[in-house]
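In our numbering, the protein residues as written are 40 to 445. All C-beta atoms in this analysis are idealised placements derived from N, C-alpha and C, irrespective of residue type, glycine included. These figures come from a predicted structure and were not determined experimentally.
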């Protein structure tokens with residue numbers, strides 16, 4: 040039977056879900072997954088024989104496997120990368136952005152354009168990136184389709200930023216900036232906060248970098264760069280002219296974005312906007328009934344997966360669930376036109392038109408660009424981050440001389 044004909048719950052109900060990757064599951068237990076290289080893979084056998092992926096409970100993030108050679112920090116676990124890795128290669132890559140949707144199909148304040156605009160003007164996204172820090176790099180002015188995933192560079196704080204052309208280049212709107220891949224969603228579905236991967240000498244563990252590259256650049260830039268859309272005075276004026284009467288607006292998100300949600304609650308309260316924050320499991324957030332009840336949904340969208348994935352999100356994601364009927368119809372028409380155009384530049388232009396309409400009508404709020412960081416032992420080769428913020432395990436290999444030198 041074709042996988043496309045199987046329900047999602049049935050497809051992943053077994054210990055060995057189907058797929059075409061270079062590794063296959065040999066064991067799946069509570070919090071632990073073991074995969075081995077698939078000898079007859081169509082693209083050739085992977086060079087590392089076995090991958091053990093272990094979910095690390097919260098509070099135990101620094102309990103590294105003794106043979107660890109690779110860390111990927113997706114900002115899920117509080118803490119810092121231990122001092123035992125000072126000479127490791129480190130890279131940071133922009134992968135997507137966070138978004139806040141406005142439910143215009145629910146009777147209430149957000150059906151009022153002035154209320155939505157007031158929320159937009161009340162959020163200083165540079166301040167958000169500065170105060171929450173870590174993987175939050177800079178304000179997001181759109182989906183970041185043109186840039187896709189961008190490599191910020193190797194570790195080096197502000198010095199590293201200058202190697203990229205100066206703080207202004209990094210801090211401006213020219214970089215993309217998530218990190219939420221389908222694999223992240225599947226791992227989060229088991230309701231555990233992080234994962235370590237033992238590759239017989241290679242490990243993946245979600246940790247927070249002690250000194251991420253973007254952090255220094257963000258701090259240096261925040262004094263010179265202000266959020267162009269932020270105006271607390273205008274936000275208060277718009278609210279006074281709007282239909283908003285102090286009602287509590289229901290913001291729903293999942294655990295990964297709890298700090299962002301509570302930051303928004305605090306900041307919007309300054310403008311006189313009241314939020315009730317509700318943190319739910321990722322799978323529950325996908326339920327249409329809950330989407331309909333939410334006034335706002337806070338989530339991450341990868342810009343690295345290309346225009347098709349973004350179009351899918353516009354037609355069937357949280358964004359679509361909260362668009363008005365008129366907006367949804369207009370978006371559908373624009374998407375159909377875009378898909379009929381063979382020229383890539385013209386498709387980009389049409390997509391920017393869709394993006395601009397969403398911004399002008401305050402259908403959603405682009406918040407901040409997100410990044411992911413990798414820390415690699417000198418002996419490990421081929422460990423560059425892919426577009427989704429993951430390492431392609433098939434490309435990993437060890438340089439024996441460097442490993443033996445340890």
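{"Item": "Count the other CB atoms, across all protein chains shown, that sit within 10 Å of the CB of residue 435; report buried if there are 16 or more and exposed otherwise.", "Value": "buried"}
{"Item": "Taking contact to mean 3 or more Cβ pairs, one atom from each stretch, closer than 8 angstroms, check whether the stretch 287-296 and the stretch 392-412 are in contact.", "Value": "no"}
{"Item": "Span of the alpha helix (DSSP H) holding residue 153?", "Value": "152-161"}
{"Item": "So the candidates are 65, 142, 63; which of them puts its Cα closest to the Cα of residue 329?", "Value": "142"}
{"Item": "Considering only their Cβ atoms, is the gap separating residue 137 from residue 319 smaller than 8 angstroms?", "Value": "no"}
{"Item": "Would you decide whether residue 72 is buried or exposed? Buried here means 16 or more other CB atoms lie within 10 Å of its CB.", "Value": "buried"}
{"Item": "At a cut of 8 angstroms, does the stretch 152-165 reach the stretch 350-358 through at least three beta carbon pairs?", "Value": "no"}
{"Item": "Restricting to Cα atoms, I'd like to know which of 178, 372, 291 is closest to residue 327.", "Value": "291"}
{"Item": "Going by DSSP in three states, residue 362 sits in which element: helix, strand or coil?", "Value": "coil"}
{"Item": "Using the beta-carbon count (16 or more within 10 Å), is residue 267 buried or exposed?", "Value": "exposed"}
{"Item": "Should residue 379 go down as buried or exposed, given a rule of 16 or more other Cβ atoms within 10 Å for buried?", "Value": "exposed"}
{"Item": "What's the call for residue 306, buried or exposed, on a 16-neighbour Cβ count within 10 Å?", "Value": "buried"}
{"Item": "So, is residue 299 buried or exposed, given that buried needs 16 or more other C-beta atoms within 10 angstroms?", "Value": "buried"}
{"Item": "Grouping DSSP H, G and I as helix and E and B as strand, with all else coil, what is residue 140?", "Value": "strand"}
{"Item": "Quick one: Cα of residue 393 to Cα of residue 63, how far?", "Value": "40 angstroms"}
{"Item": "With a threshold of 6 angstroms on Cβ separation, who are the neighbours of residue 269 within its own chain once the five nearest residues in sequence on each side are excluded?", "Value": "163"}
{"Item": "Take the Cβ of residue 283 as the centre, count every other Cβ of all protein chains shown within 10 Å, and call the residue buried at 16 or more, exposed below.", "Value": "buried"}
{"Item": "Just to check my reading of the structure: residue 410 and residue 176 have Cβ atoms closer than 8 angstroms, yes? What is that Cβ distance to the nearest angstrom?", "Value": "5 angstroms"}
{"Item": "Report back the beta-carbon spacing between residue 302 and residue 171 to the nearest angstrom; my notes put them in contact at under 8 angstroms.", "Value": "6 angstroms"}
{"Item": "For residue 309 and residue 151, I'd like the C-alpha separation in whole angstroms.", "Value": "20 angstroms"}
{"Item": "I need the straight-line Cα distance from residue 20 to residue 86, nearest angstrom please.", "Value": "Here the chain has residues from 40 to 445 only, and residue 20 is not among them."}
{"Item": "Within 10 Å of its beta-carbon, does residue 339 have 16 or more other beta-carbons around it, so buried, or fewer, so exposed?", "Value": "buried"}
{"Item": "Can you check DSSP and say which residues form a bridge with residue 288?", "Value": "314"}
{"Item": "Please name the residue in 415, 375, 67, 148 whose C-alpha comes closest to that of residue 91.", "Value": "67"}
{"Item": "Sort 312, 285, 126, 372 by Cα distance to residue 274 and report the nearest one.", "Value": "312"}
{"Item": "Assuming residue 401 is part of the beta strand (DSSP E), what are its boundary residues?", "Value": "No beta strand (DSSP E) contains residue 401, which DSSP labels as neither H nor E."}
{"Item": "To which residues of the same chain is residue 144 closer than 6 angstroms at the C-beta, ignoring the five residues directly before and after it?", "Value": "none"}
{"Item": "Assuming residue 402 and residue 353 are in contact, meaning their beta carbons sit under 8 angstroms apart, how far apart are those beta carbons, in whole angstroms?", "Value": "Contact flag wrong, Cβ pair sits at about 10 angstroms."}
{"Item": "Nearest by alpha-carbon distance to residue 333: which of 342, 314, 61 is it?", "Value": "314"}
{"Item": "Let's test the definition: count the other Cβ atoms within 10 Å of the Cβ of residue 342 and tell me whether it reaches 16, buried, or not, exposed.", "Value": "buried"}
{"Item": "Please state whether DSSP places residue 380 in a helix, a strand or coil.", "Value": "coil"}
{"Item": "From the DSSP output, in three-state form, read off residue 293 for me.", "Value": "coil"}
{"Item": "Quick one: give me the first and last residue of the alpha helix (DSSP H) that residue 148 is part of.", "Value": "No alpha helix (DSSP H) holds residue 148; DSSP gives it neither H nor E."}
{"Item": "When you compare only the Cα positions, how much space is there between residue 75 and residue 83?", "Value": "14 angstroms"}
{"Item": "Leaving aside the five residues before and after residue 385 along the sequence, list all residues of the same chain whose C-beta is less than 8 angstroms from its C-beta, in chain order.", "Value": "none"}
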